[in-house]
Each structure stands twice: as structure tokens, then as C-alpha cells.
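In full-length UniProt numbering, the protein residues as written are 1 to 277.
Step one of this worksheet: look at the structure below.
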């Protein structure tokens with residue numbers, strides 16, 4: 001069986017890097033995408049893998065990334081939308097959007113939609129890294145996606161992780177018949193530095209003695225690796241949200257089909273060229 005092409009964003013650290021190492025070890029063709037040139041290059045060099053640099057706080061860089069991937073790879077068998085993080089105080093990107101929402105949702109939405117025909121041709125799997133924060137903190141206001149009227153670091157992250165699940169479900173509704181299999185998952189409480197710049201109290205879990213109780217990036221990557229390898233429709237159900245290889249309960253809003261459609265349509269408008277700041 002020929003090696004598959006697996007694109008992983010957020011691959012310079014944490015579960016993205018762990019998954020990249022796993023897939024490389026079993027003979028897959030891994031393509032790393034990261035924000036840090038130094039860290040991404042180091043991992044790519046160690047694995048002998050292709051890599052690209054893109055900062056998801058800049059949508060133009062996402063557009064360039066999509067064009068590069070389309071030019072380089074005639075097939076993309078797995079797209080793992082794993083980039084993201086918890087931010088601090090409210091900031092707007094140069095595109096005019098709240099930073100947490102853009103990095104965690106709008107940028108992967110844009111990347112996926114720019115690649116969607118390639119993904120259809122490849123009968124690809126799209127795997128979105130969400131978080132249990134969708135249940136604890138998510139309360140998506142479709143009329144205030146950029147959190148201009150109400151903001152906290154926790155809510156912004158929860159909303160973005162909820163958006164990941166809604167995006168997954170709408171992807172499934174739109175493209176399952178075309179051959180795409182999509183899923184979202186919670187990796188667990190993983191020992192990583194992705195919250196380093198945050199003012200959220202979640203930061204203290206990740207940076208204090210409680211860090212000892214966190215799972216390793218390798219264990220956190222297990223469900224991602226399983227979704228990328230096991231058979232959709234047989235071993236797992238497309239359109240669902242998983243934790244430890246099992247369907248998990250998400251925020252009540254995650255099951256609102258109308259909200260999923262609205263989020264898709266508004267996201268498309270928000271990432272359109274020349275929209276924003």
C-alpha cells in the first residue's frame with residue numbers, strides 16, 4: 001500500500017509533533033505546518049519530512065499555504081487541523097478578527113475550504129482538534145463571533161473549540177457523500193506549552209504542579225492517529241466528536257444543525273479576501 005500524504009498543522013510541538021513522529025515511523029508521508037520556523041524545521045529535519053511555515057493569525061499566510069500544498073501534493077489523504085491555542089487579553093488580528101477565534105477556527109476553516117476539491121479527489125479524512133473546553137466554556141453567539149461585546153480568554157477558547165465541532169458536523173453534512181470523512185476530538189489534558197501566552201486560569205494547570213497530572217503528547221495524539229488510520233463508517237462515525245476513541249458528549253449547541261450552517265456561511269464571509277481590518 002503506497003504511503004499516504006498526511007498534512008498536520010500545529011506540528012511543531014505537542015500532539016501535532018507526536019502524531020508526525022508516529023506517522024513517519026509507520027511509513028506515511030508527513031507534511032508539517034507550524035508557526036515557529038525554528039521548531040518546525042527541527043522536527044521536519046529529524047523526520048526527513050516536508051514542512052511549511054504559516055502563522056494562522058494572518059489569513060494571507062493561510063492562503064499562501066493552501067496554494068503551496070495544492071501545487072506540491074496531487075493527493076492529500078489526511079488533513080489534521082491541529083493548530084490553535086488559548087490566548088490572553090482580547091486582540092484583533094490584522095484581518096480584523098478576534099485572535100482566538102481566527103487562529104482556532106477561521107484559519108483552519110479557510111485552509112480546509114481552499115483545499116476541499118483536492119480533499120474530495122483524495123477521499124480524504126479531515127480531523128479537527130477540539131477540546132472539552134467546548135462544554136465548559138462554549139456559548140457561541142452567532143451575532144458576535146469576534147467577541148466584541150463580551151470577552152474572556154476561557155469563553156473565547158471554548159467558543160472556538162465549539163466552532164471546531166460545528167465545522168466538523170457541517171463538513172460531514174456537505175461532503176460525506178463526496179467521500180470526505182470528518183471528525184473532531186478532544187486530546188485530553190496534554191502537557192504542552194500551547195497556553196503559555198494566556199491569562200486564562202487554564203494556563204496555571206499547564207504551568208504549575210498540576211502539570212504532573214497531564215497526559216503526554218504521545219497519549220494525546222492517540223485518537224488523532226486512530227481517526228487517521230481506522231476505517232470511517234466501520235470503526236468510527238464521521239461527523240462525531242471523540243475522546244479516547246469513543247464518541248463523547250459535546251456542548252448542546254454542537255447538535256444545532258441550523259447553527260452549524262450559519263457558522264459556515266458567516267465564516268466564509270469572514271475569511272473572504274478584503275474582509276476585515
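For each residue, glycine too, the CB sits at the ideal point set by N, CA and C.
Please state whether DSSP places residue 81 in a helix, a strand or coil. As a first step, residue 81 is located in the chain shown; it is residue number 81 there, counting from the start. Correct three-state label for residue 81: strand.
Can you tell me whether residue 152 is helix, strand or coil according to DSSP? In the chain shown, residue 152 corresponds to position 152, counting from 1. Residue 152 falls in the coil class under three-state DSSP.
When DSSP builds the beta bridges, which residues end up paired with residue 186? In the chain shown, the residue the question calls residue 186 occupies position 186. According to DSSP, residue 186 bridges with 243.
Can you tell me whether residue 231 is buried or exposed? The criterion is at least 16 other CB atoms within 10 Å of its CB, across all chains shown. For the purposes of this step, residue 231 is taken as residue 231 along the chain shown, with counting starting at 1. By the 10 Å Cβ count, residue 231 comes out exposed.
Starting from residue 30, follow the beta strand (DSSP E) in both directions and report where the run begins and ends. The residue labelled residue 30 in the question sits at position 30 within the chain shown. It spans 29-34 - the beta strand (DSSP E) in which residue 30 sits, taken as one unbroken run.
From the DSSP secondary-structure annotation, give me the bridge partner or partners of residue 232. Looking up residue 232 in the chain shown gives position 232. The bridge partners DSSP lists for residue 232 are 236.
Which of the three DSSP states, helix, strand or coil, is assigned to residue 44? Here residue 44 corresponds to residue number 44 of the chain shown, with the count starting at 1. For residue 44, the three-state secondary structure derived from DSSP is helix.
Alpha-carbon to alpha-carbon, residue 60 and residue 93: In the chain shown, counting from the first residue as 1, residue 93 sits at position 93. In the chain shown, counting from the first residue as 1, residue 60 sits at position 60. When rounded, the distance between both Cα atoms is 12 Å.
Contact between the region 180-190 and the region 233-243 is defined here as three or more beta-carbon pairs at a separation below 8 Å; is this criterion met? Under the Cβ criterion (8 Å, minimum of three pairs), the region 180-190 counts as touching the region 233-243.
Pull the bridge partners of residue 71 from the DSSP assignment, please. Taking the first residue of the chain shown as position 1, residue 71 is located at position 71. BP columns for residue 71 are empty, so no partner.
What does DSSP give as the partner residues of residue 126 in its beta bridges? Residue mapping note: residue 126 aligns to position 126 of the chain shown, counting from 1. Note: residue 126 sits in a beta bridge opposite 79, 182.
Quick one: give me the first and last residue of the alpha helix (DSSP H) that residue 22 is part of. Within the chain shown, the letter at position 22 stands for residue 22. Secondary structure note for residue 22: its alpha helix (DSSP H) is the uninterrupted segment 14-25.
Which one of 16, 14, 43, 6 has the shortest CA to CA distance from residue 27? For this step, residue 27 is matched to residue 27 along the chain shown. Of all alpha-carbon atoms in 16, 14, 43, 6, the one lying nearest the alpha-carbon of residue 27 is that of 6.
Touch test, the region 45-63 against the region 242-254, Cβ-Cβ under 8 Å, three pairs minimum: By the Cβ rule, the region 45-63 does not count as touching the region 242-254, because fewer than three pairs are nearer than 8 Å.
Could you say if the region 158-167 and the region 127-137 meet the contact criterion of at least three C-beta pairs nearer than 8 Å? Contact holds between the region 158-167 and the region 127-137, because three or more Cβ pairs, one in each stretch, are under 8 Å apart.
Is the region 213-228 touching the region 260-274, taking contact as three or more C-beta pairs under 8 Å? With a cut-off of 8 Å, the region 260-274 and the region 213-228 do not count as touching, because too few Cβ pairs lie within range.
My assumption, with CB atoms under 8 Å, is that residue 52 sits in contact with residue 68. Please give the rounded CB distance. Here residue 52 is taken as the residue at index 52 of the chain shown, counted from 1. Here residue 68 is taken as the residue at index 68 of the chain shown, counted from 1. The Cβ separation is near 6 Å, so the contact holds.
Among 74, 221, 90, which has the Cα closest to the Cα of residue 149? To locate residue 149, count along the chain shown from 1; it is residue 149. Considering only 74, 221, 90, the residue with the shortest C-alpha distance to residue 149 is 90.
By how many angstroms is the C-alpha of residue 119 removed from the C-alpha of residue 12? Locating residue 12 in the chain shown gives position 12, where the first residue counts as 1. Locating residue 119 in the chain shown gives position 119, where the first residue counts as 1. Going by the C-alpha atoms only, they are around 23 Å apart.
DSSP has residue 50 in a bridge; who is on the other side? On the chain shown, residue 50 is found 50 positions in, with the first residue counted as 1. According to DSSP, which records beta bridges pairwise, residue 50 is partnered with 31.
Residues bridged to residue 7 (per DSSP): Position 7 of the chain shown, counted from the first residue, corresponds to residue 7. Paired residues: 31, 79.
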